[in-house]
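A.B. asks:
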Amino acid sequence: VNSRGFLYEQSKFRLNKISLLDEKRYTKFLTVKHYLKKVFIKPKRSVGNDNHLLAFDEWTNEYYHWFCEFLPRVFSVRDVLKDYVLLLPDTDFVKNIGLESLDFFELKPLKIEYLQPKELVKIKNLSIVTHTCFTGYINDKIISDMKKFINKKVDYSSSLNKKIYITRDKAKYRKVLNEEEIQDLVKSRGYEIVRYEDLSWKDQIIKAASAKSIIAMHGAGLVNMFFMQADSSVLEFRRDKIYHNQCFWHLAGALKYNYYYLFGTPDDENLVLEGDGCNLTVDTEKLLSIIDKMETQH
């Protein structure tokens with residue numbers, strides 16, 4: 004196993020497809036030639052005879068993929084997790100927010116084995132938790148179970164029913180081009196401007212739990228809708244015509260929130276919004292109209 008979550012089968016001289024996020028992306032890795040070049044002749048670190056568990060892939064180090072893909076995989080086997088050594092990539096994200104979130108969801112493996120970049124680890128006893136759905140989609144049942152767990156852990160009794168606008172004004176991409184105008188508008192409607200990157204993960208959760216309504220550009224900040232109150236509302240800025248998926252629509256649906264979207268005008272007609280995506284200009288009149296609709300839900 005390597006730090007990207009690739010599982011190589013020594014007896015078959017191949018990469019196991021089941022460990023891949025999408026095998027169509029890695030067809031050139033599925034050959035014996037690739038195995039001989041990248042695996043067979045490379046040094047490998049052997050670990051003990053404990054039962055090990057693989058549940059991550061090459062995108063697990065990203066906030067959305069950690070919370071919506073990796074954690075659901077581990078949460079689904081939480082009752083037996085104590086019997087396994089959990090494999091994880093050795094990254095700052097995993098060792099900070101990753102470990103905090105494992106602790107929050109009370110996911111306690113026997114221990115954790117960290118895989119270094121470019122390292123190959125030889126494991127005798129290995130189990131793999133398969134993906135719960137295609138990336139960009141949501142396993143409604145598992146997400147619903149996770150939300151029930153959250154509801155028992157978070158105290159919503161003194162919730163302030165806040166309205167929050169998550170800004171990306173410090174980001175390098177996927178920005179709102181008329182950001183100042185949008186901030187002025189949402190503040191006039193009682194929204195608090197929040198920069199998640201300035202908050203600890205714990206404070207992000209507290210902030211999300213205090214909110215009944217969130218507006219945000221497509222991005223990792225919307226993942227924290229996990230921690231909002233029941234029957235909350237979410238508005239996502241998106242672009243029309245080309246996109247990879249509608250992941251936050253699916254997430255909001257699984258959490259039974261009121262989901263809204265507003266298409267902005269992209270600064271590049273050929274660039275998707277996801278990843279290092281395009282920037283958007285948001286129509287203020289359309290935004291006001293949707294905010295009015297959101298207000299009627301509460």
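4 is the number of the first residue of the sequence shown in my numbering; add one for each residue after it. We treat Cβ as the ideally placed atom computed from N, Cα and C, and that holds for glycine.
#1: Quick one: what's got a C-beta closer than 6 Å to V97's C-beta in the same chain, skipping five residues either side?
#2: Can you check the stretch 6-58 for any beta strand (DSSP E) of at least 3 residues that lies completely inside it and give the ranges in chain order?
#3: Grouping DSSP H, G and I as helix and E and B as strand, with all else coil, what is N154?
#4: Hey, could you find the ends of the alpha helix (DSSP H) F107 is sitting in?
#5: Going by Cα to Cα distance, which pick from L57, E61, N19 is closest to V42?
#6: Give the straight-line distance between the Cα atoms of E298 and E26, rounded to the nearest whole angstrom.
#7: Excluding the 5 residues preceding and the 5 following P1 in the sequence, name in chain order all residues of the same chain whose CB lies nearer than 6 Å to its CB.
#8: For the putative contact between S236 and N261, defined by C-beta atoms under 8 Å, what is the C-beta separation to the nearest angstrom?
#9: Pull up the distance between the alpha-carbon of Y29 and that of L163, whole angstroms please.
#10: Which value, in whole angstroms, describes the spacing of the CA atoms of L23 and D60?
#11: Over the uninterrupted beta strand (DSSP E) stretch that includes F266, give me the two end residues.
#12: Near M231, which residues of its chain fall below 6 Å by C-beta distance, leaving aside the five closest residues on each side in sequence?
#13: Is it a yes or a no for the stretch 247-265 touching the stretch 198-207, going by three-plus beta-carbon pairs under 8 Å?
#14: In chain order, what residues of the same chain lie with their CB nearer than 6 Å to the CB of Y168, ignoring the 5 residues before and after it?
#15: Please go through the same chain and pick out, in chain order, the residues whose beta-carbon is closer than 7 Å to the beta-carbon of I126, but skip the five residues on each side of it.
#16: Note down the Cα distance separating E109 from T287, rounded to an integer number of angstroms.
#17: What is the DSSP secondary structure of T133, reduced to helix, strand or coil?
#18: Quick one: what's got a C-beta closer than 6 Å to V88's C-beta in the same chain, skipping five residues either side?
#19: Just to confirm before moving on: does the CB-CB distance between L180 and T94 stay below 8 Å?
#20: With DSSP as the reference, label K121 as helix, strand or coil.
#21: Confirm, please, whether the CB-CB distance from R242 to G267 is below 8 Å.
#22: Going by DSSP in three states, P112 sits in which element: helix, strand or coil?
#23: Excluding the 5 residues flanking C281 on each side, which residues of the same chain have their C-beta closer than 6 Å to its C-beta?
#24: Could you give the residue range of the alpha helix (DSSP H) that holds L90?
#25: Quick check: the Cα distance between R171 and Y199, rounded to an integer number of angstroms?
#26: Under 8 Å between the Cβ atoms of T63 and G139?
C.D. replies: From the atom records:
#1: As a first step, residue 97 is located in the sequence shown; it is residue number 94 there, counting from the start. Closer than 6 Å at Cβ, skipping near neighbours: L91.
#2: DSSP runs (the beta strand (DSSP E)) wholly in the stretch 6-58: 55-57.
#3: Stepping through the sequence shown from its first residue, residue 154 is reached at position 151. Collapsing the DSSP output to three states places N154 in a helix.
#4: Counted from its first residue, the sequence shown places residue 107 at position 104. Where F107 is concerned, the enclosing alpha helix (DSSP H) stretches over 102-107.
#5: By one-based count along the sequence shown, residue 42 stands at place 39. It is N19 whose Cα lies nearest to the Cα of V42.
#6: The residue you call residue 298 lines up with position 295 of the sequence shown. The residue you call residue 26 lines up with position 23 of the sequence shown. Going from the Cα of E298 to the Cα of E26 covers about 44 Å.
#7: Any question about residue 1 goes unanswered here, given that the chain covers just 4 to 301.
#8: Numbered from 1 along the sequence shown, position 233 holds the residue referred to as residue 236. Numbered from 1 along the sequence shown, position 258 holds the residue referred to as residue 261. Confirmed, about 4 Å.
#9: The count along the sequence shown starts at 1 and reaches residue 29 at position 26. The count along the sequence shown starts at 1 and reaches residue 163 at position 160. One C-alpha to the other measures close to 47 Å.
#10: Walking along the sequence shown from the start, residue 23 turns up at place 20. Walking along the sequence shown from the start, residue 60 turns up at place 57. Per the coordinates, the alpha-carbon of L23 lies some 7 Å from the alpha-carbon of D60.
#11: Within the sequence shown, the letter at position 263 stands for residue 266. First-last of the beta strand (DSSP E) with F266: 261-266.
#12: Residue numbering aside, residue 231 sits at position 228 when the sequence shown is read from its first letter. The answer, listed in chain order, is A211, A214.
#13: Verdict: no, contact absent.
#14: Locating residue 168 in the sequence shown gives position 165, where the first residue counts as 1. Cβ within range, chain order: V189, Y194, I196, I218.
#15: Counting from one through the sequence shown, the residue named residue 126 turns up at place 123. Once the five neighbours on either side are set aside, the close Cβ partners of I126 are V4, V50, H55.
#16: Your numbering for residue 109 matches position 106 in the sequence shown. Your numbering for residue 287 matches position 284 in the sequence shown. Their backbone Cα atoms lie some 43 Å apart in a straight line.
#17: Along the sequence shown, one-based indexing puts residue 133 at 130. It is coil, neither helix nor strand.
#18: Here the question's residue 88 lines up with position 85 in the sequence shown. Closer than 6 Å at Cβ, skipping near neighbours: D53, H55, L113, K114, E116.
#19: Position 177 of the sequence shown, counted from the start, is the residue given in the question as residue 180. Position 91 of the sequence shown, counted from the start, is the residue given in the question as residue 94. No. Outside cutoff.
#20: In the sequence shown, the residue the question calls residue 121 occupies position 118. Three-state DSSP puts K121 in coil, outside helix and strand.
#21: As a working mapping, residue 267 is identified with position 264 in the sequence shown. As a working mapping, residue 242 is identified with position 239 in the sequence shown. Result yes, Cβ atoms of G267 and R242 sit closer than 8 Å.
#22: What you label residue 112 is simply residue 109 of the sequence shown in a count that begins at 1. P112 falls in the coil class under three-state DSSP.
#23: Stepping through the sequence shown from its first residue, residue 281 is reached at position 278. Excluding positions up to five away in sequence, the list reads P269, D270, D271, L274.
#24: The sequence position of residue 90 within the sequence shown is 87, counting from 1. Unbroken run through L90 is the beta strand (DSSP E), 88-92; no alpha helix (DSSP H).
#25: Translated into positions along the sequence shown, residue 171 becomes position 168. Translated into positions along the sequence shown, residue 199 becomes position 196. Straight-line Cα distance between these residues: approximately 9 Å.
#26: Start at 1 with the first residue of the sequence shown, and residue 63 comes out as number 60. Start at 1 with the first residue of the sequence shown, and residue 139 comes out as number 136. Against a cut-off of 8 Å, the Cβ pair of G139 and T63 comes out as no contact.
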